[in-house]
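First comes the structure, then the notes that go with it.
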Amino acid sequence: MVIHTELPAVWRAAGQSPFGVQMDEVVTIALHDRFPLVSPWIRLRDDFPRIHPHIQPGKAGSFVEPCLVLGSPREVVQARGFVGLVEQLVEWLDRAAELDLNDPAHGWEPVRRDTISDIIACDPDRVRSHVTLAGGTALFTTSYIHYPKSDMFKLLLGSNCILPPALIGPILTRDDDIGSGLTLLAWPGSGPQGPIVADFYLPETVATVGDLIDRANLYGCRDDLLARLVAVRDGLIATPHRRPSRSRYCCSPVGPIRWWGRTARSRFAHI
């Protein structure tokens with residue numbers, strides 16, 4: 000199916016909006032043999048930009064699945080028919096063309112993590128309690144579990160923010176890896192114009208320390224993050240006998256507060 004989007008005249012000459020939505024979007028819709036009891040399979044092109052919110056998590060290069068409704072698309076089909084679902088898709092594309100899929104009145108869209116499956120187990124309210132009106136950082140002692148078969152990490156934040164061990168997952172096997180390290184929390188303060196607000200959506204794309212610094216710069220906490228990273232590095236070099244065992248960096252820039260737990264070797268250098 001080809002859907003013609005209603006691009007403003009100023010964008011039509013380019014054939015697409017500045018946000019990557021083309022004037023004619025190819026959409027694949029497959030109907031299950033049990034349709035309408037089973038929702039239609041709807042996918043956009045594989046190079047549709049993933050900068051937009053309201054997209055289901057997926058790997059780069061895979062067909063993009065739009066999130067059209069809060070709930071099951073089957074409910075739309077039952078209430079408005081198949082045409083109603085297509086109309087919902089058309090509206091989704093028109094709003095995506097103007098980067099207008101988020102409605103601030105309905106709150107923040109959670110950060111999408113397309114390729115990160117790791118977990119930080121903590122009490123978020125206690126972690127948030129460290130955040131002040133001035134920018135700053137906080138360090139937590141951290142225990143981690145690494146499951147080599149899935150290359151998945153689970154982190155347990157320090158004694159003040161730890162959850163009951165029963166919640167951390169399955170019993171370890173002898174192939175699993177357990178160790179300790181540090182988690183660094185950074186948050187922005189207020190700028191000359193008032194509080195720093197992350198007023199545009201970004202999925203989780205941090206893959207290197209450089210990416211992390213760039214993202215922290217967007218959130219207004221780059222300088223505090225760099226200063227604490229240097230202090231941690233210098234402190235561990237000065238007192239090598241006190242290094243955490245098998246430690247890895249896990250840093251989380253805080254825009255509004257958000258969590259991600261990737262601590263794989265490709266993401267942060269070992270201390």
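Using numbering that gives the first Met the number 0, read the sequence shown as starting at 0 and increasing by one per residue. All C-beta atoms in this analysis are idealised placements derived from N, C-alpha and C, irrespective of residue type, glycine included. Predicted, not measured: the structure shown is a model, and the values here were computed from it.
Report buried or exposed for T182, applying the criterion of at least 16 other Cβ atoms within 10 angstroms of its Cβ. By one-based count along the sequence shown, residue 182 stands at place 183. Only buried fits T182, as 16 or more other CB atoms lie within 10 angstroms of its CB.
How is the beta strand (DSSP E) around G57 delimited, first residue to last? Here residue 57 refers to the residue found at position 58 of the sequence shown. Per DSSP, G57 is not a residue of any beta strand (DSSP E), being assigned neither H nor E.
With 16 other Cβ atoms within 10 Å as the buried cut-off, status of W107: Translated into positions along the sequence shown, residue 107 becomes position 108. Flag for W107 reads exposed.
Answer yes if the segment 108 to 127 comes into contact with the segment 53 to 65, meaning at least three C-beta pairs across the two stretches below 8 Å, and no otherwise. These segments touch.
Would the beta-carbon of V89 fall within 8 Å of that of I2? Numbered from its first residue, the sequence shown carries residue 89 at position 90. Numbered from its first residue, the sequence shown carries residue 2 at position 3. The beta carbons of V89 and I2 sit closer together than 8 Å.
Quick one: is I41 buried, meaning 16 or more other Cβ sit within 10 Å of its Cβ, or exposed? Residue numbering aside, residue 41 sits at position 42 when the sequence shown is read from its first letter. I41 comes out buried.
What is the C-beta distance between A142 and S179, in whole angstroms, given that I count them as a contact (C-beta under 8 Å)? Locating residue 142 in the sequence shown gives position 143, where the first residue counts as 1. Locating residue 179 in the sequence shown gives position 180, where the first residue counts as 1. Contrary to the premise, residue 142 reads as Ser rather than Ala in this sequence. Confirmed, about 5 Å.
Which of helix, strand or coil does DSSP assign to Q192? Stepping through the sequence shown from its first residue, residue 192 is reached at position 193. Note: Q192 maps to coil in three-state DSSP.
Run through the segment 56 to 142 for me and flag every whole beta strand (DSSP E) of 3 or more residues, listed as ranges in chain order. Scanning the segment 56 to 142 for uninterrupted beta strand (DSSP E) segments of 3 residues or longer gives 118 to 120, listed from N- to C-terminal end.
Where S244 and P191 are concerned, what is the direct C-alpha to C-alpha distance, given to the nearest angstrom? As a position in the sequence shown, residue 244 is number 245, starting the count at 1. As a position in the sequence shown, residue 191 is number 192, starting the count at 1. Any reading at S244 is ruled out, since the residue's pLDDT is 45, under 50, leaving its predicted position unreliable.
Terminal residues of the alpha helix (DSSP H) in which D23 lies: Here residue 23 is taken as the residue at index 24 of the sequence shown, counted from 1. Note, D23: premise wrong, no alpha helix (DSSP H); beta strand (DSSP E) at 23 to 29.
R112 Cβ short of 7 Å to the ligand FMN heavy atom set: The ligand FMN is absent from the structure shown, which contains no ligand whatsoever.
Provide the residue span of the beta strand (DSSP E) that contains A185, from first to last. Counted from its first residue, the sequence shown places residue 185 at position 186. Counted as a single uninterrupted DSSP element, the beta strand (DSSP E) harbouring A185 occupies residues 176 to 186.
Output needed for R49: all residues of its chain with C-beta closer than 7 Å, excluding positions within five of it in sequence on either side, in chain order. Taking the sequence shown and counting its residues from 1, one reaches residue 49 at position 50. Residues V63, D113, P202 of the same chain have their beta carbon placed closer than 7 Å to that of R49, with the five preceding and five following residues left out of the count.
Would you mind stating whether V26 and T4 have Cβ atoms separated by less than 8 Å? Position 27 of the sequence shown, counted from the first residue, corresponds to residue 26. Position 5 of the sequence shown, counted from the first residue, corresponds to residue 4. Contact: no.
Taking DSSP as the reference, what is the three-state secondary structure of L154? For the purposes of this step, residue 154 is taken as the residue at position 155 of the sequence shown. In the structure shown, L154 sits in a strand (DSSP, three-state: E or B).
How would you write the range of the alpha helix (DSSP H) that I212 sits in, first residue to last? Position 213 of the sequence shown, counted from the start, is the residue given in the question as residue 212. Boundaries of the alpha helix (DSSP H) around I212: 208 to 217.
In whole angstroms, give me the CA-to-CA distance for G135 and L184. Along the sequence shown, one-based indexing puts residue 135 at 136. Along the sequence shown, one-based indexing puts residue 184 at 185. So the alpha carbons of these two residues sit roughly 8 Å apart.
Using 10 angstroms around the beta-carbon of S265, count the other beta-carbons present and answer buried if the total reaches 16, otherwise exposed. Counting from 1 along the sequence shown, the entry for residue 265 is found at position 266. Annotation note: pLDDT 27 at S265 (below 50); position unreliable, coordinate value reported separately. S265 is exposed by the Cβ-count criterion.
Between A12 and E86, what straight-line distance do the alpha-carbon atoms span, to the nearest angstrom? By 1-based counting over the sequence shown, the position of residue 12 is 13. By 1-based counting over the sequence shown, the position of residue 86 is 87. Going from the Cα of A12 to the Cα of E86 covers about 25 Å.
Give the DSSP-derived three-state secondary structure of R42 in the structure shown. Position 43 of the sequence shown holds residue 42. The three-state reading of DSSP puts R42 in strand, counting E and B together.
Within this structure, are the beta carbons of I119 and L154 separated by less than 8 Å? Here residue 119 refers to the residue found at position 120 when the sequence shown is read from its first residue. Here residue 154 refers to the residue found at position 155 when the sequence shown is read from its first residue. Taking 8 Å as the Cβ cut-off, I119 and L154 qualify as a contacting pair.
Start and end residues, beta strand (DSSP E) containing V1: Looking up residue 1 in the sequence shown gives position 2. According to the DSSP assignment, V1 belongs to the beta strand (DSSP E) that extends over 1 to 3.
A8 lies in the alpha helix (DSSP H); which residues open and close that run? Counting from one through the sequence shown, the residue named residue 8 turns up at place 9. From DSSP, the alpha helix (DSSP H) with A8 extends over 8 to 11.
Quick one: what's got a C-beta closer than 6 Å to F47's C-beta in the same chain, skipping five residues either side? In the sequence shown, the residue the question calls residue 47 occupies position 48. Correct list, in chain order: V63.
Alpha carbon of C121 to alpha carbon of L138, nearest angstrom: The count along the sequence shown starts at 1 and reaches residue 121 at position 122. The count along the sequence shown starts at 1 and reaches residue 138 at position 139. Distance from the CA of C121 to the CA of L138, rounded to the nearest whole angstrom, comes to 14 Å.
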